[in-house]
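Visitor: Can you keep this structure in mind? I'll have questions shortly.
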Amino acid sequence: MGGAKRLWMEEEERRWGTIDKCVCEACLDTPDLWRMLTAKIRNGVCDYCELEGLPVLPVHEVQVQLYKAIFTYYADPQHAGTPWVDGQWGVKQIDIEDVLAELDFLPVDELAEDIASADRTQLWIKAAHGHWAGVQDDELMLYSWSTFVRTVKHQTRFHFQRIVPERLEDEIPVSEMLRVVAENLANLLTTVAVGTRIYRARHLSQDELARIDASLMGPPPKEHAGAGRMNPAGIPYFYSAFDPRTAVVEIGDPSEDNKALAAAAFQVDRILNVVDLSKLPAVPPALAIDRRRERVTAKFLRKFVESITQKVQKDGREHVDYVPSQVVCEYMAQAYVMPNGQTIDGIIYPSAVSPDGINLVIFPSGRWFEQDKFPDITYLGPA
Ligand SMILES: [Zn+2]
């Protein structure tokens with residue numbers, strides 16, 4: 026077989042023809058591709074802006090890297106098990122220009138045109154793992170979480186062994202989901218420093234207002250602890266905010282007219298290990314396929330935080346809507362152990378009602394806190 030024929034077959038196989046040009050960083054204008062191809066950078070001439078003596082990449086190296094991303098999210102319909110219906114593909118086709126745009130590959134026009142015309146497929150379909158019906162890892166996480174949410178709200182709350190996946194056979198089993206959520210949350214571990222001030226608010230009667238103290242402003246005793254966003258009924262958590270305004274907005278309007286609003290400051294007396302849901306990692310671009318794992322995690326964390334911090338109508342249904350976050354919190358409080366062997370003391374989460382407001386909920390974890398007391402939190406006084 027001649028060299029030309031062999032090259033043609035190779036190009037057919039990989040679905041693109043080689044472009045024998047070089048491109049500089051500015052004309053490529055895709056920082057993730059430039060970063061992933063650092064080892065291939067050389068000194069030369071850019072064929073697009075015609076500048077000389079600057080770092081450039083051979084365009085065929087860009088193509089190699091680019092097609093790794095294309096094949097992660099798309100496939101040639103001929104090789105993806107695509108259904109053929111009434112003389113055409115039964116799945117929407119996407120032309121190569123749109124594929125490049127969807128991947129945020131937006132270099133100088135001439136390079137985008139070169140790459141599009143060297144493409145041997147031209148009409149692609151969305152696919153995962155090379156199959157039109159495949160599911161991307163990030164979607165799989167979200168499906169699995171929504172199955173978990175539905176299960177703990179409406180099917181079973183404590184024992185998941187007999188739950189079978191409903192929609193997708195490779196969904197993460199409900200029984201595994203808490204462990205997987207914890208693994209993802211481990212990316213967000215941080216500490217709250219000794220001396221940090223935190224605030225709580227309550228509606229008090231005039232009588233109570235006159236004798237405001239730690240027991241009035243702290244969490245209720247366990248006999249009176251109702252269910253909250255993060256805690257199951259009967260297990261009091263220490264809800265607080267990092268500023269008094271958020272603490273006040275969080276408790277809403279008083280249910281009785283004769284009650285007045287009171288806020289108090291507390292101080293953290295020992296370092297707290299917490300999961301910080303208020304600072305989520307940025308989602309890496311789809312083209313950065315070396316950061317695919319991070320992308321899946323970041324997308325999941327966003328959805329997870331949105332789901333457990335959403336505004337909930339307090340019409341009785343909150344007792345069901347709060348269940349998924351309660352189950353996750355109890356798992357983090359009671360079962361999760363950090364890589365260094367320590368346990369988690371609480372969760373920082375954005376306020377659902379106060380923009381920019383940040384909350385801190387502290388668990389009554391057995392080792393440090395007595396069952397319904399929080400000895401490492403000191404009452405400072407009204408705020
Ligand atoms: Zn250039």
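Residues 26 to 408, numbered by our numbering, are exactly what the sequence shown covers, in order.
The beta-carbon is built from N, C-alpha and C at its ideal position, and this holds for glycine as well.
1. Quick one: using the 10 Å Cβ neighbour count with 16 as the cut-off for buried, is glutamate 77 buried or exposed?
2. Here's the rule: buried if 16 or more other CB atoms are within 10 angstroms of the residue's CB, otherwise exposed. What is glycine 366?
3. Does ligand 1 have even one heavy atom less than 7 Å from the beta-carbon of leucine 128?
4. Does the separation of the CB atoms of tyrosine 99 and alanine 152 fall below 8 Å?
5. For arginine 187, count neighbouring Cβ atoms within 10 angstroms of its own Cβ and tell me buried if that reaches 16, exposed if not.
6. Quick one: grab the DSSP three-state call for arginine 212.
7. Any heavy atom of ligand 1 inside 7 Å of the beta-carbon of alanine 409?
8. Could you name the residues of the same chain whose beta carbon sits closer than 6 Å to that of isoleucine 121, not counting the 5 residues immediately before and after it, in chain order?
9. If we ignore side chains and look at the alpha-carbon of each, how far apart do threonine 43 and glutamate 37 end up?
10. Counting pairs of Cβ atoms below 8 Å between the segment 56-64 and the segment 301-317, do you hit three or more?
11. Can you tell me the Cα-Cα spacing of valine 362 and valine 352, whole angstroms?
12. In whole angstroms, give me the CA-to-CA distance for valine 87 and leucine 62.
13. Can you tell me whether cysteine 74 is helix, strand or coil according to DSSP?
14. Using a Cβ-Cβ cut-off of 6 Å (strictly less than) and excluding sequence neighbours within five positions of proline 407, which residues of its own chain qualify?
15. For isoleucine 119, which residues from the same chain have a beta carbon less than 6 Å from its beta carbon, with the 5 sequence-adjacent residues on both sides left out?
16. What residues are listed by DSSP as bridge partners for arginine 222?
17. Buried or exposed: phenylalanine 388, going by 16 or more other Cβ atoms within 10 Å of its Cβ?
18. Kindly identify the DSSP beta-bridge partner or partners of valine 299.
19. What are the partner residues of glycine 406, as DSSP defines its beta bridges?
20. I want to know whether the segment 239-246 touches the segment 203-218 - three or more CB-CB distances under 8 Å.
21. Please find out if some non-hydrogen atom of ligand 1 comes closer than 7 Å to the beta-carbon of leucine 76.
22. Going by the C-beta, is alanine 51 closer than 7 Å to any heavy atom of ligand 1?
23. Less than 8 Å separating the beta-carbons of serine 332 and isoleucine 383?
24. Measuring CB atoms only, is the segment 220-228 touching the segment 268-286, in the sense that at least three cross pairs come out at less than 8 Å?
25. Is there contact between the segment 340-359 and the segment 251-268, where contact requires at least three CB pairs shorter than 8 Å?
26. By Cβ distance below 6 Å, which residues in the same chain neighbour aspartate 301 in space, the five residues on each side in sequence not counted?
27. Using C-beta distances below 8 Å, list every residue in its chain close to aspartate 278, excluding the 5 sequence neighbours before and after it, in chain order.
28. Whole angstroms is fine: what's the gap from glycine 112's alpha carbon to leucine 131's?
29. What's the call for glutamate 157, buried or exposed, on a 16-neighbour Cβ count within 10 Å?
30. Check the C-beta distance from alanine 307 over to aspartate 129 and give it rounded, since I have them as a contact under 8 Å.
31. Just list the residues that DSSP pairs tyrosine 264 with in beta bridges.
32. Return the chain-ordered list of same chain residues with a C-beta closer than 6 Å to the C-beta of threonine 221, the five sequence neighbours on each side being excluded.
33. Among Pro83, Glu275 and Glu208, which has the Cα closest to the Cα of tyrosine 264?
34. Jot down the residue ranges of each uninterrupted alpha helix (DSSP H) in the segment 109-157, minimum 4 residues, whole runs only, in chain order.
35. Going by Cα to Cα distance, which pick from Ala29, Pro80, Leu32 and Trp41 is closest to leucine 53?
Guide: Reading it off the structure:
1. Sixteen is the threshold: since fewer than 16 other Cβ atoms of the shown chains lie within 10 Å of the Cβ of glutamate 77, the residue is exposed.
2. With fewer than 16 other CB atoms across the displayed protein chains lying within 10 angstroms of its CB, glycine 366 is exposed.
3. Between ligand 1 and the CB of leucine 128, the shortest heavy atom gap is not smaller than 7 Å.
4. Between tyrosine 99 and alanine 152, the CB-CB gap stays under 8 Å.
5. Exposed, by the Cβ-count rule.
6. It should be pointed out that residue 212 corresponds to asparagine in this sequence rather than to arginine. DSSP, read as helix, strand or coil, puts asparagine 212 in helix.
7. It is not possible to answer for residue 409, since the shown part of the chain is limited to 26 through 408.
8. Within the same chain, Ala141, Asp144 and Gln147 come within 6 Å of isoleucine 121 by CB-CB distance, once the 5 residues on both sides are set aside.
9. Distance between the alpha carbons of threonine 43 and glutamate 37 is about 11 Å.
10. Enough Cβ pairs lie closer than 8 Å, so yes.
11. Each residue's alpha carbon lies about 16 Å from the other.
12. Per the coordinates, the alpha-carbon of valine 87 lies some 8 Å from the alpha-carbon of leucine 62.
13. In this structure, cysteine 74 counts as coil in the three-state DSSP scheme.
14. Hits under 6 Å: Ile237 and Ala289.
15. The answer, listed in chain order, is Trp149.
16. Arginine 222 pairs with Gln292.
17. Counting of Cβ neighbours within 10 angstroms places phenylalanine 388 among the buried residues, the total reaching 16 or more.
18. Paired residue(s): Thr215 and Gly371.
19. Per the DSSP secondary-structure output, glycine 406 pairs in a beta bridge with Ala290.
20. Contact between the segment 239-246 and the segment 203-218 is absent, because fewer than three Cβ pairs lie under 8 Å.
21. Yes, Cβ of leucine 76 sits closer than 7 Å to a heavy atom of ligand 1.
22. Answer for alanine 51: yes, Cβ within range of ligand 1.
23. No, these two residues do not count as a Cβ contact at 8 Å.
24. The count of Cβ pairs closer than 8 Å, one atom from the segment 220-228 and one from the segment 268-286, reaches three, so the stretches are in contact.
25. Per the Cβ contact rule, the segment 340-359 is in contact with the segment 251-268 (3 or more Cβ pairs under 8 Å).
26. Annotation for aspartate 301: Leu213, Thr215 and Ile373 place their beta carbon closer than 6 Å to its own, counting only its chain and skipping 5 residues before and after.
27. The answer is none, since no qualifying residue turns up.
28. The alpha-carbon atoms of glycine 112 and leucine 131 are separated by roughly 34 Å.
29. The amino acid at residue 157 is misidentified as glutamate; the sequence shows tryptophan. So tryptophan 157 ends up on the buried side.
30. Contact doesn't hold; Cβ gap of about 14 Å is too wide.
31. In DSSP, tyrosine 264 forms a bridge with Val386.
32. Within the same chain, threonine 221 has close Cβ partners Val293.
33. For tyrosine 264, the closest C-alpha among the options Pro83, Glu275 and Glu208 is that of Glu275.
34. You should have 121-127 and 134-143.
35. Minimum Cα-Cα distance from leucine 53 among the listed residues Ala29, Pro80, Leu32 and Trp41 corresponds to Pro80.
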